[in-house]
Every structure is written in structure tokens, then in C-alpha cells.
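All remarks here apply to the structure that follows.
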Amino acid sequence: MARTIRVGEVYLGTDKISHMLGYGRRYFVRYLQLREKGFSEAAARDKVIRWGLRRELSIVGRLVDGITSYSDLEANYQGMEMAIAMCQGDDPLFVRDGDAWKIVRRVEILDYITPDLDETYNNNHYWLLRKRFVIPRLEEYYVDRYDDEDVQARLAIYRAWEPSLNMLVIDQYWEKKGRDPRNNQSIQALYQKRHGNESVVSD
């Protein structure tokens with residue numbers, strides 16, 4: 005279990021940093037390969053996000069440990085965006101100066117921190133035995149805390165953020181499928197299951 009840290013207004017597990025640097029690099033390499041094949045920046049990003057989601061729904065997440073982590077996917081994506089910003093675009097972090105690289109400006113980690121890195125907000129989906137183990141504990145220890153004032157204040161801050169391209173593409177993926185398993189195991193869904201249609205969220 006990774007420790008939880010706060011970066012800006014967002015709480016996240018320290019494992020998300022390793023995802024940004026590790027899997028983010030894999031995303032970036034795949035992005036470059038797609039660009040070399042002639043795909044536009046937008047198309048390459050879209051394809052990388054969908055590739056990452058398919059892997060998380062199969063060999064990387066579901067089959068390995070019985071978890072689909074949408075927060076991990078967000079970290080992977082933000083790591084790719086950080087890598088792209090380092091040497092590409094109109095305002096890169098580094099530029100080539102002869103035989104060396106020159107730092108133009110420092111990496112601002114807050115640029116790549118979003119609420120969807122917080123697993124209490126962007127919940128995991130659990131499968132098979134993992135589901136049988138985790139869901140009862142969520143129901144026992146966390147569901148009734150959902151309407152706590154502090155929790156709702158934190159969620160209000162998170163909901164004010166614009167979702168990343170990664171989350172928008174994932175939303176589109178499940179919308180096209182006609183079902184979204186994320187709606188079944190979130191803390192909000194479990195809270196509403198216990199308390200009927202009562203909702204503490206005003207949308």
C-alpha cells in the first residue's frame with residue numbers, strides 16, 4: 005500500500021509518481037512511434053490513451069491483480085504530457101544548444117497533478133476475488149463517511165476541475181460500450197445503494 009501525499013489541492017498515492025515516470029515514458033514512446041507513422045498530435049494522444057485503457061482492462065490491471073485503476077491511467081497520461089512538454093511544442097522545458105541540452109524553465113509538477121490521481125475520487129474497479137475482499141471493507145469502513153463535511157468539501161474542490169483528455173477519452177469509451185463499470189463500485193454508488201436514492205451531491 006503506497007503512502008498518501010498531498011500535492012497542491014490533490015491527495016494521491018506515491019505510486020502515482022512512479023506511474024508518471026515509468027508508464028508515462030511508455031506512453032511517450034508509443035506516442036512518438038505514432039507520430040512517426042504520420043498520426044496527428046491529437047490522434048496519437050487518443051490512440052495512446054485507448055491502448056493504455058485496453059491494457060489496464062486486461063493484462064496490466066485486471067488479470068495481474070484484479071484491479072482496474074483509472075487513477076493509474078491518469079498518472080500514465082500525465083507522465084506522457086510531461087515528457088511531451090520537455091522537448092516539444094512552442095514552449096519546451098529544454099532546448100538543444102549545440103551538443104548540450106539547456107534548461108529553459110523548470111518542470112512544474114502541479115501542471116500534471118489532477119484530482120483523478122486520487123483513488124478516493126477516481127475509484128478503482130475490482131474484479132473476482134479482489135472484489136469479494138475489497139467491497140465489503142469499503143462498505144464497512146468508508147461508505148458512511150461519504151457525507152462527512154470534510155469529504156464533501158474535498159469533492160467539491162475536485163469537481164471544479166476540468167477533466168483531462170485522458171478522462172474524457174475513457175468516458176467516451178464506456179459511453180460507446182453502453183455501460184460503465186465505474187458506476188457500480190464508487191464510494192458514491194455504494195453510499196446510494198445503502199441509503200436508497202438519497203444523494204449528498206448537488207449536480
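Going by the numbering used here, the letters in the sequence shown line up with residues 5 to 207, in that order.
Note that beta-carbon positions come from the ideal geometry of N, C-alpha and C, so glycine has one too.
Given the structure is predicted, the values throughout are model-derived calculations rather than measurements.
Under a three-way DSSP split, which group does residue i fall into?
{"i": "Asp101", "result": "strand"}
{"i": "Gly56", "result": "helix"}
{"i": "Tyr280", "result": "Any answer about residue 280 is impossible in this case: the structure gives the chain only from 5 up to 207."}
{"i": "Leu61", "result": "coil"}
{"i": "Asp207", "result": "Here Asp207 scores only 32 on pLDDT, less than 50, and its place in the model should not be relied on; the value that follows carries that caveat. Of the three classes helix, strand and coil, the one that applies to Asp207 here is coil, per DSSP."}
{"i": "Tyr177", "result": "helix"}
{"i": "His199", "result": "coil"}
{"i": "Arg7", "result": "coil"}
{"i": "Tyr15", "result": "strand"}
{"i": "Tyr130", "result": "strand"}
{"i": "Lys41", "result": "coil"}
{"i": "Tyr150", "result": "coil"}
{"i": "Arg183", "result": "coil"}
{"i": "Glu166", "result": "coil"}
Excluding the 5 residues flanking residue i on each side, which residues of the same chain have their C-beta closer than 7 Å to its C-beta?
{"i": "Asp50", "result": "Val173"}
{"i": "Leu194", "result": "Leu142, Glu143 and Val147"}
{"i": "Leu133", "result": "Gly70"}
{"i": "Val111", "result": "Met86 and Leu97"}
Determine the burial state of residue i: buried for a count of at least 16 other Cβ atoms within 10 Å of its Cβ, exposed for fewer.
{"i": "Pro4", "result": "Outside the shown range of the chain, which is 5 to 207, sits residue 4, and nothing can be said about it."}
{"i": "Lys106", "result": "exposed"}
{"i": "Ala79", "result": "buried"}
{"i": "Lys41", "result": "exposed"}
{"i": "Val14", "result": "buried"}
{"i": "Lys197", "result": "exposed"}
{"i": "Ala6", "result": "exposed"}
Quick one: what's got a C-beta closer than 6 Å to residue i's C-beta in the same chain, skipping five residues either side?
{"i": "Gln82", "result": "Met24 and Tyr116"}
{"i": "Ser75", "result": "Leu121, Glu123 and Asn126"}
{"i": "Met86", "result": "Tyr116"}
{"i": "Ser168", "result": "Thr118"}
{"i": "Val205", "result": "Summary for Val205: the model assigns pLDDT 45, below 50, so the residue's position carries little reliability, and this model does not support an answer."}
{"i": "Tyr150", "result": "Ile191 and Tyr195"}
{"i": "Met171", "result": "Asp120"}
Using a Cβ-Cβ cutoff of less than 8 Å, which residues in the same chain neighbour residue i once the five nearest sequence positions on both sides are dropped?
{"i": "Asp207", "result": "Annotation note: pLDDT 32 at Asp207 (below 50); position unreliable, coordinate value reported separately. Counting only Cβ-Cβ distances below 8 Å, and skipping sequence neighbours, we find nothing."}
{"i": "Arg186", "result": "Tyr74, Asn127, His129 and Trp178"}
{"i": "Ile161", "result": "Glu13 and Pro119"}
{"i": "Ala47", "result": "Leu38"}
For the ligand SAH, any of its heavy atoms closer than 7 Å to the Cβ of residue i?
{"i": "Asp115", "result": "With respect to the ligand SAH, the structure shown offers nothing to examine, as it has no ligands at all."}
Does the structure place the segment 98-108 close enough to the segment 46-64 that three or more beta carbon pairs sit under 8 Å?
Cβ pair count under 8 Å is below three, so no.
Beta strand (DSSP E) runs wholly inside the segment 68-119, at least 3 long, in chain order:
98-101 and 104-107
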